[in-house]
Structure formats: C-alpha cells, structure tokens
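J.:
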Amino acid sequence: AATKLASAEKLMYFCTDQLGLEQDFEQKQMPDGKLPVDGFLLCVDVSRGMNRNFDEQLKFVSNLYNQLAKTKKPVVVVLTKCDEGVERYIRDAHAFALGKKNLQVVETSARSNVNVELAFGTLVQLVDKSRGKAKIIPYFEALKQQSQQIAAAKDKYEWLVSRIVKSHHELWPNVSRKMQPAPEFQDYVYLEGTLKAKKLFLQHVQRLKQEHIERRRKAYLALLPQALDALVPDLDEIDRLSRSKAEKLLEAKPDFAKWFVVLEETPWDAGDRVDDVDSERIPFDLLETPAAEQLYEAHLEKLRNERKRAEMRRAFRENLESSPFVTPGKPWEEARSFIMNEDFYQWLEEPVYMDIYGKHQKQLIDKAKEDFQELLLEYSELFYELELDAKPSKEKMGVIQEVLGEEQRFKALHKLQAERDALVLKHIHFVYHPTKETCPSCSSCVDARVEQLLTARFLRPHRNPLGETNVDRINLVILGKDGLARELANEIRALCTNDDKYVVEGKMYELALRPIEGNVRLPVNAFQTPTFQPHGCLCLYNSKESLSYVVESIEKSREAAAGRRDGHGAQLPLTLVLVNKRGGGCGGGEGGETLQSLIQQGQQIASKLQCVFLDPASAGIAYGRNINEKQIGQVLKGLLDAKRNLNLVVGSTSPGLKEPGEAELRVVMCLMCGDPVSADEVLLPILQAQPCRPAPGAAPSSG
1 AATKLASAEK LMYFCTDQLG LEQDFEQKQM PDGKLPVDGF LLCVDVSRGM NRNFDEQLKF
61 VSNLYNQLAK TKKPVVVVLT KCDEGVERYI RDAHAFALGK KNLQVVETSA RSNVNVELAF
121 GTLVQLVDKS RGKAKIIPYF EALKQQSQQI AAAKDKYEWL VSRIVKSHHE LWPNVSRKMQ
181 PAPEFQDYVY LEGTLKAKKL FLQHVQRLKQ EHIERRRKAY LALLPQALDA LVPDLDEIDR
241 LSRSKAEKLL EAKPDFAKWF VVLEETPWDA GDRVDDVDSE RIPFDLLETP AAEQLYEAHL
301 EKLRNERKRA EMRRAFRENL ESSPFVTPGK PWEEARSFIM NEDFYQWLEE PVYMDIYGKH
361 QKQLIDKAKE DFQELLLEYS ELFYELELDA KPSKEKMGVI QEVLGEEQRF KALHKLQAER
421 DALVLKHIHF VYHPTKETCP SCSSCVDARV EQLLTARFLR PHRNPLGETN VDRINLVILG
481 KDGLARELAN EIRALCTNDD KYVVEGKMYE LALRPIEGNV RLPVNAFQTP TFQPHGCLCL
541 YNSKESLSYV VESIEKSREA AAGRRDGHGA QLPLTLVLVN KRGGGCGGGE GGETLQSLIQ
601 QGQQIASKLQ CVFLDPASAG IAYGRNINEK QIGQVLKGLL DAKRNLNLVV GSTSPGLKEP
661 GEAELRVVMC LMCGDPVSAD EVLLPILQAQ PCRPAPGAAP SSG
C-alpha cells in the first residue's frame, strides 16, 4: 500500500518472461530510481482454487482495501479469471464493493483479453478527472463484443492468408514477413496473438495440401477405368479372381508399368509423390482405397453387361434368321411383335436392334435379288420375242409375272414389287445390250475383272517411278525458297537454246523446268501435274530456314506420292545444292549461319533423304557465286542415268524360248506374275485369279 517506491537501477514492467533474457526485451529503468504511485488495482481471483476458501480470501481483500483507503489514492476492484469464475464468488465480490463508497468493480479475463484495458482506463479516469468517465461493461456482454470483434478480425485475416498463400509449400517466417504491413494481420495479432495467427496459417496450408491431394486422387481415379480396359479387357480372365489375385494379374501384364507405379513409400499421399506433377501413372497402392475398389467392381459389371448385351445381340440375330415371319422388305413395325421378347427389351436399346434388323433385311434383300436374277436367267426364253430397244408392254409384263409367279424366288420379293419390276427391266436391257455396264454382276463382271487385271498388271509401271519411256526429254523440278528456284530456273534457261534444248554429253535434250517455292500440297505447287511428270528434283538452300523448307516439302511430296495409286514420285531422284541468292551470301545471315555449318547441315540432310549433295567447294567455285554450268550438267547426267536404269520394258521375249508364232510352242508373258506360259493356258488363270503353270522348260514359279 506504499505510495512512494524507491528501487535504484531497477527495470520497469518486470515480468518472469524476462528472467535470464533481459537483453532481448526493451529496457526501461525507473526514473531516478523512484516511482510515485497514483492509484491501485485491487485484483480478486473469482475462480475456484484448490484448497482455497473464498470467504477467507475476501477477508484478506477487505483488510487490504482498508490499508489502501488510508492513502487517499483511487482504487478499482478487478475481478480476474472471470472466464472460469464462480457465480457466488462474483456476487460476494460485488456485495463487498457496494459496501464501500464509490468503489468500482471491473470483471476481467486476461486469457480472453476481456475488459483488461477497461480496468486500467477506469483507474486512469479516477486519477485524471479531466478524462471522460469510462462505461463499465459486465464480463459476458464484453465477452460477446470481444468475440464479435475477434470473429470479424479473423475473417479478414483468413482472407489475407488465402490471397497471399497459394501453395502448401509456403513457410510461416516468409509469409508472416509479407503480411506484416497489412492491417488485417496487425489487428488479428493484436486481438489473438501471433501463435493463433500462425495456427490459422498452418490450417490453411494443410487445407491446400488436402485439396492438392484430392485433385491428384481424382485424376488417378479418372485414369483407372482406362487402365483396367487396357490391361484386363477379358471378363474370363478376372471374373472369378479375388482382389489380391487380380492385383497380381495386373502386375504381370506387359503394359503394367505404362499405367501403374509401385512406390516404396506408402500410402502414396503421405510422401513426396503428391508433388510429382510430371508423373501421370497411378500409384498401385491406390487400388486398396474404397473408391478404387468401387471402380474395379464397376469395371467387372461393365464387362458382364457387355457380354450379356453381346449374347442378346447374337440371340436376336439368330431369332431373325430362324423366324419365318421375317421376309425380304418386311418393315420393322410388322416384324417386331413376332421376334421381340422381354430380354431383348431389357438389354438392347431400340436403335441397336433396329440396326441389326436393318442389316439382316439388307442381307435378305440382296440374297433374294440374287436368286431372282438367277431365276430370270433360267427363263431366258421369255425375253426372246421382245423387239430391240422396245419397252415391254403391260401384257408382256403380265405374261412374265404369270410364268414366274409360282416360283418361290419370285414370291420372295412380293413386298418389293417396284424393285422386282426394275430387275426385270434391267435384265431385258442386259439381254439386248450385254456390256459390263449393264451386267447384273456389276463389279464382279468378268469383262470388268479382266480390264482391271490388265490395267493393274500391264499399263501401270510397277518398277518405274519415272513413268515415261521417252529419254529425249528431261522434266526437272527446282525447289527453293524466297526466289532461289525462280532465279536458278532463269539462269538455266539462259544456258539453253532458243527452243529450250540443252546439250548433255554431246546429245540434245528438251529441258522442261518447274520452279516451286510455296506449299507443295497446293495443286499450283505440286511436283506432278497431268502435263508434267518429273524425272528429278533440284533442291536449293542458302540458310537453315530454306533447308527446313526443302526437307518439309520433300516429305510432303513423298506422302502425297505414296497415297497415289501409281506411286509416281515416291523415289524421285534428288540433288541438294548449297547456292547463293543473287545479291547476298549464303552465310552469316540473320540466323548467324556460317558456310561450314550450312555445308554440314546439308550433308546430314542429304544422308537422311538419300540424295546427292553439291556444295561450292566440291564444284570448284568460289564462295558467293551461284550454281554453275558444270554442276547443272552433273545433275542432268545423273537424272538421265537414273531414268535409263529404272525404265521398265514390258513384254520382252524370255531368253531360250521360241518366238510367238513358231510351230513348236507359242509363248506369252503372264500378266499376274511375269512368268512365261503357253498361250492356251493364259486366259483361265487370269479370269479365275489362280496361280499359273510355267511353260515346259521354264523355271518353276511361285505363281
């Protein structure tokens, strides 16, 4: 109860937290070692203490108050630990204060930070009368206000954390430094403290981690049905297996490692696997989870349903084939009541069995038409009396129908009368105009088959991609970018005669040039046209970009040639040339290419394309000049050699055999296999597409 304290060189606001760590806290000493006391806070613990009698405690408080009252200094009674307070103790404390003159009571909780500032503020107002009188709020009302204030501050702080922290890898020291200037962080720390702020941060990080794990889990589970479809698509393989045996079966599959990964650290979401974003393979231990088990069961059920539906489709087709009520041309609406049963409705949707019925009807109709065509051929005498090009009269059609009417093959088309009459008219037309176009066998007509064989085996040059036998003409494609092709074409034309002739090895050849500089998939830039069959291609480049254009164009051209029936251009002779565009060099351009690097790149590409490579050094010309006349002559000579070697002569007489027309043996070449056969044996094998027999004395052939 002293009002003057003297303690030289003592620190103010000393508490036990500072023991041994005084240097870590702000140090503030008492002024001059003396401190006057202006008022007192008389604290009363109203919680239930161990072995403590509150009545005895209140007597002590009463005696202490009497001593404080003698000092004439303001006193405020502070009830502490109200968050655990006993209601009777609080009532007795208030009763004690009511018996004193102007003694104010403030209910507080230091743990909950309720009314602590109010207690000091009330005492300050009693010391300094100029200050406004503080309003004393009961503990529970103040606690409610405090809770609302904390809740609002917490919401703002959590919003701040969610805005700043986007990854579950964030650490508290780094994040707290970022949030330090934010008022949301400052307000919450002031109300709840740093530990609670850190706790909310850790909860947010844990939530982010769980969300990340859940996303990975969903991605794996979405991939699991595809993995099961790929590894175990056969129901018989897994239908009666236990889960453990099914897992062993999966591990034994050759493609198991493509879909799954077996981890040393399990479960998969407890280790570093959750952060391995590059791996899409499913952790094998995921199969032990309930969600994966449901997907496995769903896979089994799907396979069982697919088998059941396949059985139903097969049974439905068999029902169609055995039903006497399904006849050619009968609509589905008329037939369904005779062939449908409850199982079909349960397992098959209407579009499915309508599709099956439609395909079955097509087979029935095609077979009925074929049988009817045979019937017409059997009754050919019915059509002899018709006039040439005359349409049969109604009477004649009636006679035909009357004669054929008793035949089952005629009755089979009774629901397709229009098509049946059309077949009759078509047959009449064929009788008087027997050509492959009017033949009822259509593409199976013998005349058409022979024509196809002749076209495929004789006219099409199997082994000659150049496609021409005329060696007096050279068709040359010049491929280049940014003017290279046009410039070289103009230089070559300048070396030709007035009628575009060029001398190679002392012989005059007609030279046709086709410069191409654009997209070769466009018709205007195609290597081959109806009037231009190329014998070779001269590929020009002077930079990495133009070399890439050449490679892409050649690949596109070969793809297009492979798709054509004649295969022309698939092995077109190529020559790759490093040139210089007029007015500039071929090195040191925008890409920084040197002459040596361009030569090396060209050699690599030439090896890849399997073609000849020409560079300035090999031709003996100085750097900076374009392709010269010597190089042009080399290219054209190479094309002529290739053209002569690849030219195919069809129909030459085999060595050691007699010439056609001689009495001993007439020999021709088989158009199917190229072997010589006797003339009277050649027709039947061709028409029947059977292996032919070699002629006497000829080497055995595999046909």
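Counting along the sequence shown from 1, when you hit position 362 you're at 362 in full-length UniProt numbering, and nothing is skipped either side.
All C-beta atoms in this analysis are idealised placements derived from N, C-alpha and C, irrespective of residue type, glycine included.
(1) List the residues that DSSP assigns as beta-bridge partners of Gln-104.
(2) Reducing DSSP to helix, strand and coil, say where Glu-437 ends up.
(3) Does the Cβ of Trp-268 have 16 or more other Cβ atoms within 10 Å, making it buried, or fewer, making it exposed?
(4) From which residue to which residue does the beta strand (DSSP E) around Tyr-549 run?
(5) Along the beta strand (DSSP E) that carries Leu-5, what are the first and last residues, could you check?
(6) Between which two residues does the beta strand (DSSP E) harbouring Ala-512 extend?
(7) Taking the straight line between their C-alpha atoms, what separation do you get for Gln-634 and Leu-640?
(8) With distances taken Cα to Cα, identify the nearest neighbour of Ala-152 among Val-124, Lys-166 and Glu-184.
(9) Which stretch, first to last residue, makes up the alpha helix (DSSP H) that contains Pro-173?
(10) Of all the beta strand (DSSP E) runs that stay within the bounds of the segment 197-248, which reach a length of 3 or more residues?
(11) Give, in chain order, every unbroken run of the beta strand (DSSP E) that is at least 3 residues long and sits entirely within the segment 17-74.
(12) For the alpha helix (DSSP H) containing Lys-608, list its first residue and its last residue.
(13) Tell me, please, which residues DSSP counts as bridged to Tyr-541.
(14) Mapping the DSSP letters down to three states, classify Tyr-502 as helix, strand or coil.
(15) Where does Ser-147 sit, in a helix, a strand or coil, going by DSSP?
(16) Is the segment 395-413 touching the segment 364-372 in the sense that three or more CB pairs, one from each, lie closer than 8 Å?
(17) Mapping the DSSP letters down to three states, classify Ser-109 as helix, strand or coil.
(18) Between Val-650 and the rest of its own chain, which residues show a CB-CB distance below 6 Å, the 5 nearest in sequence each way excluded?
(19) Determine whether the beta carbon atoms of Arg-521 and Ala-560 lie at a separation below 9 Å.
(20) Just verifying my parser: in three-state terms, what is the DSSP assignment at Val-261?
(21) Counting along the chain, where does the beta strand (DSSP E) carrying Val-612 start and finish?
(22) For Gln-528, which of helix, strand or coil comes out of DSSP?
(23) Is it buried or exposed, His-94, if we count other Cβ atoms within 10 angstroms and call 16 or more buried?
(24) Nearest CA to the CA of Lys-34: which residue from Arg-215, Leu-5, Gln-57 and Leu-574?
(25) With distances taken Cα to Cα, identify the nearest neighbour of Phe-140 among Ser-109, Tyr-65 and Met-354.
(26) My parser needs the alpha helix (DSSP H) runs of 4 or more residues fully inside the UniProt domain "FF" (309-371); what are they?
(27) Whole-angstrom Cβ separation of Val-127 and Ala-119, contact assumed at under 8 Å?
(28) Locate the beta strand (DSSP E) running through Val-274, then write down its first and last residues.
(29) Which residues in the same chain as Glu-407 place their Cβ atom closer than 8 Å to its Cβ, once the five residues preceding and following it in sequence are excluded?
(30) Could you check whether Leu-540 and Ile-478 sit closer than 9 Å to each other, using their CB atoms as the reference points?
(31) Compute the beta-carbon to beta-carbon distance between Phe-201 and Leu-231, rounded to the nearest angstrom, for a pair I have assumed lies under 8 Å.
(32) If you run the structure through DSSP and keep just helix, strand and coil, what is Asn-470?
(33) Buried or exposed: which applies to residue 754, given that a residue is buried once 16 or more other Cβ atoms fall within 10 Å of its Cβ?
(34) CA-CA distance, Leu-377 and Val-450?
(35) Would you mind sorting Val-550 into buried or exposed? The rule is 16 or more other CB atoms within 10 Å of its CB.
(36) Any idea what DSSP makes of Gly-483, helix, strand or coil?
T.: In brief:
(1) Val-76
(2) coil
(3) buried
(4) Premise fails: Tyr-549 lies in the alpha helix (DSSP H), 544-563, not in any beta strand (DSSP E).
(5) 4-6
(6) 507-516
(7) 10 Å
(8) When only C-alpha atoms are compared, the closest one is Glu-184.
(9) Its alpha helix (DSSP H) spans residues 172-179.
(10) none
(11) 34-36 and 40-45
(12) 595-609
(13) Leu-578
(14) strand
(15) Reduced to three states, the DSSP call for Ser-147 is helix.
(16) yes
(17) strand
(18) Any reading at Val-650 must be qualified, since the residue scores a pLDDT of 34, below 50, and its modelled position is unreliable; no value is offered.
(19) yes
(20) strand
(21) Counting along the chain, the beta strand (DSSP E) containing Val-612 begins and ends at 612-614.
(22) coil
(23) exposed
(24) Leu-5
(25) Ser-109
(26) 332-339 and 342-347
(27) Incorrect: roughly 13 Å between the Cβ atoms, too far for contact.
(28) Run containing Val-274: none; DSSP gives neither H nor E here.
(29) Leu-375
(30) For Ile-478 and Leu-540, yes; Cβs fall inside 9 Å.
(31) The pair is not a contact, with the Cβ atoms about 44 Å apart (cut-off 8 Å).
(32) Note on Asn-470: pLDDT 45, under 50, position unreliable in the model; the coordinate value appears next. Asn-470: coil per DSSP, three-state reduction.
(33) One cannot answer for residue 754 here, as it falls past the ends of the chain, which runs 1 to 703.
(34) 23 Å
(35) buried
(36) coil
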